Every structure is written in structure tokens, then in C-alpha cells.
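Presented below is the structure to which this report refers.
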Amino acid sequence: MIALKWGDFNEKQGSIRVTKTLYNPNNHFEKYQLLTPKTKGSVRTIRIDEMLINMLKKHRLKQNEMKLKNSLVYQDNGFIFARENVHPQLRKVIETRLKRLLKKAEIEKNITPHSFRHTHTSLLIEAGVGIKEIQQRLGHTDINTTMNICSHDRQYGRKGLPTV
20 MIALKWGDFN EKQGSIRVTK TLYNPNNHFE KYQLLTPKTK GSVRTIRIDE MLINMLKKHR
80 LKQNEMKLKN SLVYQDNGFI FARENVHPQL RKVIETRLKR LLKKAEIEKN ITPHSFRHTH
140 TSLLIEAGVG IKEIQQRLGH TDINTTMNIC SHDRQYGRKG LPTV
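One rule links them: number in the working numbering = place in the sequence shown (from 1) + 19.
Structure follows, in C-alpha cells:
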């Protein structure tokens, strides 16, 4: 998510193109690398719904306001989730905000941003999406990886969000 750039978002086609990953082991805002994903299958186009398209459009408007406000120092690197100083958002910041929201909602379960990927997988299974489509959406090159996640989610319930 934090590696996504506006060029990866295609509003007309309703999709996001995944072509890179952000490597930043020390969570330093300037010392990151954009790398190719782990496998060829990880490079993919993901269809998104109208609600997410509208959210991204609103986010882009707010980001453009920030660019104007900081125009003397802002160098646009094209990141969708950019810090005010143009660099991509830090994973640590997202994790900290998520923990704060969980605490505020009085949810004691350990949920990480990656947990939402498992939740998404579970919801796809529940919706009756085929295993091949799930494999492509997740970017798995090996069907066994997808099968293991799907069978785990079926056996133990959603790993991500708690049930209400």
C-alpha cells in the first residue's frame, strides 16, 4: 500500500496496478527503496469498487491542497500515501495509528495492516469467489500458498477483524 503511486491508480478502469514494494527496514522516512515484488505473480492489476475510487479521489484533492500549501518545499514523488515532506508514509506510523484506533474501539485483538489481507481473503471465500481468482488477486504464483491461507481461514475463522 505505501509503495503505491498515483500512476498505479486507474480511475476509469477502476483498478490499481501493483508493480513495486517498499523496502524500509529501519523506518527512516528518507532511506527507503522501491523494489520489484517477490514474484512475477505479485505484479498484478486489482479491480476496485466505486467506493474506494471515490475515497482515493477525495484523498487526492486533500493531497493537492497540501501540495499547494507547501509548494516551496514539496517535491511530488507521486506517492498516494505521502507524508507532508513528499516521502512515502512509514509503515510504523500506520501500525501505530491502527493500534490507537483498536484501543479506542476497545478491541484487544492483535490486528496488523497485514491482517486485513487475510480478512479480505476470507470475505472472498465467503462471497464464493473461485480459488484461481483469489490467487491472482493476492498475487500468489503457487496455488498451494493460496490454498493454505484459504483452508486456514475456513478452519479457524477470519484472522483479521474480530467478529461482532
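Note that beta-carbon positions come from the ideal geometry of N, C-alpha and C, so glycine has one too. Model, not experiment: these values are computed from the prediction.
Residues that Ile65 bridges to, as DSSP identifies them: Ile35
Straight-line Cα distance separating Val62 from Arg36: Rounded to the nearest whole angstrom, the C-alpha separation of Arg36 and Val62 is 8 Å.
Beta-bridge pairing of Asn29 - partner residues as DSSP gives them: Ser34
Neighbour-count burial assignment, Asn43, 16 or more Cβ in a 10 Å radius: buried
Opening and closing residue of the beta strand (DSSP E) in which Thr40 lies: Note, Thr40: beta strand (DSSP E), 40-42.
Beta-carbon proximity of Arg110 to Ile21, cut-off 8 Å: Yes. Within cutoff.
Cross-strand partners of Lys76 (DSSP beta bridge): Lys76 is not bridged to any residue.
Span separating the alpha-carbon of Trp25 from that of Gly97: Rounded to the nearest angstrom, the two C-alpha atoms are 6 Å apart.
Limits of the unbroken beta strand (DSSP E) element including Leu109: Neither: Leu109 is in no beta strand (DSSP E) and is coded neither H nor E.
Rounded separation between Gln154 and Ser34 - CA only: 17 Å
Rounded separation between Ile150 and Leu53 - CA only: 30 Å
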